[in-house]
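With this note's numbering as the guide, the letters of the sequence shown map in order to residues 189 to 392. Quick notes on the structure that follows.
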Amino acid sequence: MSDRPPDDPEDLIREARTGGEPAFGRLLARYANYLTLLARVEVGRRLRGKLDPADLVQDVFLEAHRHFPAFRGTTEAEFAAWLRRILAGVLANTVRHYFGTQARDPRLEHDLHAAVEQSSCMLAGQLAAPGTSPSEAAARREQAVLLADALGRLPDDYREVIVLRHLEGLTFPAVAARMGRTVDSVEKLWLRAVARLRNEVGGG
């Protein structure tokens with residue numbers, strides 16, 4: 189008898205392959221916060237807030253459902269990587285829609301995929317300690333999904349300051365300008381937000 193939880197992603201992948209629609213729905217739901225967070229970073233950078241990231245994630249889910257028969261992976265990491273690639277494609281199509289011929293560079297999707305991968309690594313890095321080994325780093329990347337869920341449980345201003353500071357890589361003055369606050373208040377907010385996030389993920 190398996191010791192894994194009932195909604196273990198790899199079990200859900202196998203079940204979905206046999207035509208289990210409920211399993212596939214639960215599998216996608218597991219990544220909703222994670223994909224929304226990654227989409228939000230690129231929407232902020234490239235689309236200037238023109239679109240709700242949750243709408244992009246719904247498009248990702250539709251594409252995933254359509255193309256799941258072609259997915260050949262078996263692990264959680266492979267499935268997450270596949271979803272990130274789909275997200276990059278959806279983002280590229282959205283950028284082309286909003287900016288037309290200016291965005292028809294064939295490198296756009298490649299660049300967006302690299303940006304999404306970087307954001308995912310930065311998200312995972314919030315759990316990594318100095319001197320983390322490669323195997324530990326891989327485990328951290330898998331836990332990025334759980335960290336995104338933890339961020340989703342934070343108050344809006346806590347989540348905002350962490351996303352702007354750590355995922356968009358803004359300086360404190362830039363974060364303050366984006367949030368309409370003073371630099372001092374943003375720094376204090378960030379300290380509280382990080383402490384709360386660590387508690388959420390069991391690190392403090």
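Backbone N, C-alpha and C define an ideal beta-carbon position, used for all residues, glycine too.
Residues of its chain near isoleucine 274, where Cβ-Cβ distance is below 7 angstroms and the 5 sequence neighbours each way are ignored: If we look at isoleucine 274 and ignore the five residues flanking it on each side, its Cβ neighbours are Val248, Glu251, Ala252.
Arginine 347 and leucine 358: beta carbons closer than 8 angstroms? The beta carbons of arginine 347 and leucine 358 sit no closer together than 8 angstroms.
Considering valine 248, what are the terminal residues of the alpha helix (DSSP H) in which it resides? Counting along the chain, the unbroken alpha helix (DSSP H) around valine 248 starts and ends at 241 to 255.
According to DSSP, simplified to helix, strand and coil, what is phenylalanine 360? Assignment of phenylalanine 360 by DSSP, reduced to helix, strand and coil, places it in the helix class.
Given tryptophan 378, which residues of its chain have a CB within under 7 angstroms of its CB, disregarding the five upstream and five downstream residues? Cβ neighbours of tryptophan 378 beyond the five flanking positions: Val349, Arg353.
Could you check where the alpha helix (DSSP H) with tyrosine 219 kicks off and where it finishes? Here tyrosine 219 belongs to no alpha helix (DSSP H), and DSSP marks it neither H nor E.
Keeping to the same chain, check which residues put their C-beta closer than 8 angstroms to that of threonine 370; ignore five residues upstream and five downstream. Here the set comprises Ala364.
Rounded distance between the beta-carbons of leucine 355 and serine 307, thought under 8 angstroms: Between leucine 355 and serine 307 the Cβ distance is about 6 angstroms, and since that is below 8 angstroms, they are a contact.
Ignore the nearest five residues each way along the sequence and tell me which others in alanine 317's own chain have a CB closer than 8 angstroms to its CB. Note that alanine 317 scores a pLDDT of 46, beneath 50, so its modelled location is shaky and nothing firm can be said.
Work out the CA separation of valine 374 and glycine 207 for me, nearest whole Å. Taking the straight line joining both Cα atoms gives about 49 angstroms.
With a threshold of 8 angstroms on Cβ separation, who are the neighbours of arginine 214 within its own chain once the five nearest residues in sequence on each side are excluded? So the list reads Asp195, Leu200, once near-sequence residues are dropped.
Is the beta carbon of leucine 335 sitting closer than 8 angstroms to the one on valine 389? Against a cut-off of 8 angstroms, the Cβ pair of valine 389 and leucine 335 comes out as a contact.
Pick from Phe256, Leu385, Ala381, Asn281 that is closest to alanine 332, judged by C-alpha positions: Cα-wise, what sits closest to alanine 332 is Leu385.
Throw me the rounded Cβ distance for the arginine 218 and proline 197 pair, which I believe falls under 8 angstroms. Approximately 6 angstroms separates the beta-carbon atoms of arginine 218 and proline 197; this is inside 8 angstroms, confirming the contact.
With 16 other Cβ atoms within 10 Å as the buried cut-off, status of phenylalanine 287: Counting of Cβ neighbours within 10 angstroms places phenylalanine 287 among the exposed residues, the total staying below 16.
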